[in-house]
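Under the working numbering, the residue at position 193 of the sequence shown is numbered 186, and the numbers go up by one with no gaps.
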Amino acid sequence: MAGQSQTGTGKTAAFLIAGFTRLLQAREPRPGPRMLIIAPTRELVVQIEADARLLGRHTGLRILSVYGGIDYAKQRDELRAGCDMLVGTPGRLIDYLKQNVWSPRKVEVLVIDEADRMFDMGFIADLRFILRRLPPPERRQSFLFSATLSFRVLELTWEFMNNPTQITIAPQQKTVETAIQLLYHVSREEKFNLLLGLLKREGGSRILIFTNTREAARRLEDRLGRNGWEARALTGDVDQKKRLRILNDFKEGKLPVLVATDVASRGLHIEGVSHVINWDLPQDAWDYVHRIGRTARMGASGKAISLVDEATALLLEPIERFITQKIPVGWAEDDLFLPEIKPTAEERRRYAEERRQRLAARGGPHRGGPPRGGPPRSH
């Protein structure tokens, strides 16, 4: 089956229930992973594993996940001991596969989640490497899910699946109906002052703020903290233990504000997010859909607010054309702009030094040469 669906529609539960049903009906269970779930990001792998453990807690099936950023040897030893269901990112799965830690030859159920993201993140060669080592399509049950069933995604299904049925869920509704959308046009200089006013006025239990770059996320974390808001940045270069701790605090309500880049927008499944705020409009319209899909999940209410400045104003029209609707524009009264507590000279020096060290750790802002097409991309 190849499915196109929005975030928050319950597709994870759908493929887990189908997979558990098949595994539990087997008369003579075979050793080795019998269900393989491949996802593009660590966050998504962690979430799928958590859902699988919750749903399958009384089945007696062993569920494991493998992904980068945590103890390599520990994961390897646990995988070598065997499991019934294996969830992983392509790179880590291949690492252990090449070491003969696990074998895909006994897989009865295959799930490829966020297939379009596999292409976007450059994982398609790794994915094909794994798929070519599975049992033939007619001997396994296969599921593929994607935000879009583009030609390249469908080509993957034709190559590795057995005459798959295509299912599309609510293709006309690209954004969540229960999410109230609103945007404010604001200058770059007054943007943070407006954000402070909105946070104070809107309240909310869990507020998720999206930026386009890691530097912007870290700077926003710093500025919010200095102005009385407990916030943490979730970016691609945060080590896995810290990432899990941040996500857990946010899920439990201990952390009111989470600042994230788009690497987290596909993998986050957190109930009760009251507000999503786009500090920057995303460059890709689908990312806008996925961002605001973090709130108003499974029919709950929520609010998505976008702050549009002169740097991202040209991105608004393509987004509205893609979602086939105009986003309502809010009017910010003067009292909504709150004063910012500015950093001290010492804090500015510290921030500049930390930024210099991060750039040096990545090989410098331009890898030792002249600029080539702008700043480094955020992941």
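Positions of the beta carbon are idealized from the N, C-alpha and C atoms, including for glycine.
For residue i, the nearest candidate out of the options (CA to CA)
{"i": "glutamate 223", "options": "Cys76, Val231, Arg20 and Glu214", "result": "Glu214"}
{"i": "asparagine 156", "options": "Gln134, Val252, Gln233 and Ser139", "result": "Gln134"}
{"i": "threonine 5", "options": "Ala19, His51, Arg46 and Gln18", "result": "Arg46"}
{"i": "tryptophan 95", "options": "Gly75, Asp109 and Met111", "result": "Gly75"}
{"i": "tryptophan 279", "options": "Thr161, Glu313 and Phe116", "result": "Glu313"}
{"i": "alanine 304", "options": "Lys244, Glu182 and Tyr344", "result": "Glu182"}
{"i": "phenylalanine 153", "options": "Met(-6), Ala353 and Ser(-2)", "result": "Met(-6)"}
{"i": "glycine 246", "options": "Gly197, Arg342 and Val146", "result": "Gly197"}
{"i": "valine 322", "options": "His262, Ala306, Phe122 and Leu72", "result": "Ala306"}
{"i": "lysine 235", "options": "Ile63, Thr317 and Leu54", "result": "Ile63"}
{"i": "histidine 262", "options": "Arg212, Glu36 and Ser(-2)", "result": "Glu36"}
Contacts around residue i, its chain only, beta-carbon distance under 6 Å, and the 5 residues preceding and following it disregarded
{"i": "isoleucine 270", "result": "Ile202 and Ile298"}
{"i": "phenylalanine 315", "result": "Ala278"}
{"i": "alanine 210", "result": "Thr204, Ala226, Thr228, Val252 and Thr254"}
{"i": "proline 368", "result": "At proline 368, the pLDDT of 41 sits below 50, so the modelled position is not reliable; the number obtained from the coordinates is stated separately. Excluding residues within five positions, none has a Cβ falling inside 6 Å."}
Chain-order list of residues whose beta-carbon lies under 7 Å from that of residue i (same chain, five-residue window excluded)
{"i": "serine 294", "result": "Thr171"}
{"i": "phenylalanine 185", "result": "Arg216 and Glu333"}
{"i": "methionine 114", "result": "Pro33"}
{"i": "tryptophan 151", "result": "none"}
{"i": "phenylalanine 116", "result": "Pro33 and Pro83"}
Close beta carbons around residue i, own chain, < 8 Å, minus the five adjacent residues each side
{"i": "serine 58", "result": "Val38, Val39, Ile41, Glu42, Leu79, Val80 and Gly81"}
{"i": "isoleucine 239", "result": "Arg225, Leu227, Val231, Leu248 and Leu251"}
{"i": "glycine 218", "result": "Ala224"}
{"i": "valine 146", "result": "Ala(-5), Ala108, Asp109, Phe112, Leu137 and Ser139"}
Expected contact under 8 Å - CB spacing of residue i and residue j to nearest Å
{"i": "tyrosine 89", "j": "alanine 325", "result": "Contact flag wrong, Cβ pair sits at about 52 Å."}
{"i": "leucine 86", "j": "isoleucine 31", "result": "7 Å"}
{"i": "arginine 207", "j": "glycine 229", "result": "7 Å"}
{"i": "leucine 17", "j": "threonine 52", "result": "6 Å"}
{"i": "leucine 187", "j": "leucine 274", "result": "That pair is no contact at about 15 Å."}
{"i": "proline 83", "j": "aspartate 119", "result": "4 Å"}
{"i": "leucine 149", "j": "glycine -4", "result": "Not quite, the Cβ-Cβ distance comes to about 13 Å (not below 8 Å), so this is no contact."}
{"i": "aspartate 77", "j": "isoleucine 56", "result": "7 Å"}
Could you say if the region 265 to 278 and the region 196 to 208 meet the contact criterion of at least three C-beta pairs nearer than 8 Å?
yes
Decide yes or no for the touch test of the region 84 to 102 against the region 14 to 29: beta carbon pairs closer than 8 Å, at least 3 of them.
yes
Quick test of the definition: if touching needs 3 or more C-beta pairs under 8 Å, does the region 175 to 189 touch the region 300 to 311?
yes
Three or more beta-carbon pairs under 8 Å between the region 140 to 156 and the region 101 to 119, yes or no?
yes
Is there contact between the region 5 to 22 and the region 48 to 64, where contact requires at least three CB pairs shorter than 8 Å?
Yes, since at least three Cβ pairs between the region 5 to 22 and the region 48 to 64 fall closer than 8 Å, the two stretches touch.
Alpha helix (DSSP H) runs wholly inside the region -2 to 28, at least 4 long, in chain order:
You should have 4 to 18.
Length at least 4, wholly inside the region 231 to 259: the alpha helix (DSSP H) runs in chain order:
Within the region 231 to 259, the alpha helix (DSSP H) runs of at least 4 residues that lie entirely inside it are, in chain order, 233 to 244.
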